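A short worksheet on the structure shown next.
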Amino acid sequence: MSSEKIDIPGLLSRMPLFSALSPEDLAHMAAATRERRLQKGDRLFQRGDQPKGFFLVVWGQVKLAFTSAQGNEKVVEILGPLQSFGEAVMFLDQPYPVLGEALADTLVLHIGAAAVFGQTEQDPRFARKLLAGMSIRLHSMVRDVESYALRSSTQRVIGYLLQLAESVPCVPQGEQAVELPTSKQVIASRLSLTPETLSRIFHELSDAGLISVQGKHIIIHDAARLAEHD
Numbered sequence: 013m014s015s016e017k018i019d020i021p022g023l024l025s026r027m028p029l030f031s032a033l034s035p036e037d038l039a040h041m042a043a044a045t046r047e048r049r050l051q052k053g054d055r056l057f058q059r060g061d062q063p064k065g066f067f068l069v070v071w072g073q074v075k076l077a078f079t080s081a082q083g084n085e086k087v088v089e090i091l092g093p094l095q096s097f098g099e100a101v102m103f104l105d106q107p108y109p110v111l112g113e114a115l116a117d118t119l120v121l122h123i124g125a126a127a128v129f130g131q132t133e134q135d136p137r138f139a140r141k142l143l144a145g146m147s148i149r150l151h152s153m154v155r156d157v158e159s160y161a162l163r164s165s166t167q168r169v170i171g172y173l174l175q176l177a178e179s180v181p182c183v184p185q186g187e188q189a190v191e192l193p194t195s196k197q198v199i200a201s202r203l204s205l206t207p208e209t210l211s212r213i214f215h216e217l218s219d220a221g222l223i224s225v226q227g228k229h230i231i232i233h234d235a236a237r238l239a240e241h242d
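For the sequence shown, my numbering begins at 13 and goes up steadily by one.
Take a look at the structure:
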């Protein structure tokens with residue numbers, strides 16, 4: 013893993029949450045920020061650990077997940093570069109309800125709670141942005157619950173693929189190539205499916221001529237047809 017020195021104030025300034033801070037406030041926030049370098053499989057925190065701030069992913073990926081007593085895992089969220097997490101439990105001063113683990117070599121920043129609390133007291137705009145970020149995550153989780161309850165397994169997989177394709181430009185023939193951001197096992201857990209069910213759905217969509225699958229590389233042959241498939 014690279015040990016290059018990073019520009020913490022510069023990275024914080026790229027976050028919408030910190031974009032309106034003055035240079036002085038940004039420097040104060042950066043002074044309360046520490047970097048954490050993780051290798052794939054390293055735990056950032058365990059369920060039950062007490063939060064002391066919140067995190068920002070610089071590069072890499074972090075999964076948030078529950079683990080049952082039997083060892084079964086349910087992935088709640090997969091976070092990538094410039095995404096933050098842990099704000100809500102920091103304000104609640106409650107232990108983490110999930111574990112955090114690196115899915116790849118990862119660099120995260122940990123922003124200390126005292127600096128965040130001080131900034132929310134003196135800057136209403138900062139407090140509103142923080143609330144907006146937490147509200148967006150809550151809204152996303154509600155949509156997930158709705159999707160799991162009302163959509164079939166195939167519809168969930170199609171929705172996930174189309175979401176990945178939104179940021180990928182179409183070639184003239186209308187095909188789109190997407191890369192699965194992590195292992196199929198993790199994605200299956202994120203979609204509340206078994207790995208076997210995910211593999212079966214990929215196979216069925218391939219047989220229907222809607223996608224081609226080569227490992228993590230997937231070609232969507234026609235997004236409109238895929239969206240109409242049930």
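Ideal Cβ positions, reconstructed from N, Cα and C, are used throughout, including at glycine.
This structure is a prediction, so every number in the text was calculated from the model and none was measured.
According to DSSP, residues forming a beta bridge with residue i
i, result
"Val101", "BP columns for Val101 are empty, so no partner."
"Val198", "Val198 pairs with nothing; no bridge assigned."
"Thr206", "Answer by DSSP bridge pairing: none, since Thr206 is not bridged."
"Ser224", "Ile231"
"Glu191", "His229"
Beta-carbon proximity of residue i to residue j, cut-off 8 Å
i, j, result
"Met102", "Gly60", "no"
"His40", "Ala127", "yes"
"Leu115", "Val225", "no"
"Val70", "Ile18", "yes"
"Arg48", "Gly112", "no"
"Met27", "Ser96", "yes"
"Thr118", "Leu50", "yes"
Cβ neighbours of residue i in the same chain (closer than 8 Å, five flanking residues each side left out)
i, result
"Arg46", "Leu121, His122, Gly124"
"Met146", "Glu99, Ala100"
"Ser218", "Ser224, Val225"
Cutoff 7 Å; reference residue i; Cβ partners in own chain excluding five residues on either side
i, result
"Val110", "Arg59, Leu76, Ala77, Phe78, Val88"
"Ser25", "Ser31, Leu38"
"Thr132", "Phe138, Ala139, Leu142"
"Leu104", "none"
Beta-carbon proximity list for residue i, same chain, < 6 Å, skipping 5 on both sides
i, result
"Arg137", "Ala32"
"Gly22", "none"
Inset, instruction - With a floor of 3 residues, list each beta strand (DSSP E) that falls wholly inside the region 99 to 145, ordered by position along the chain. - result: 111 to 114, 118 to 124
Legend entry - Cβ pair count under 8 Å reaching 3, the region 83 to 100 against the region 191 to 210: yes
Legend entry - Contained alpha helix (DSSP H) runs [length at least 4] in the region 20 to 105, N- to C-terminal order: 20 to 25, 35 to 43, 99 to 104
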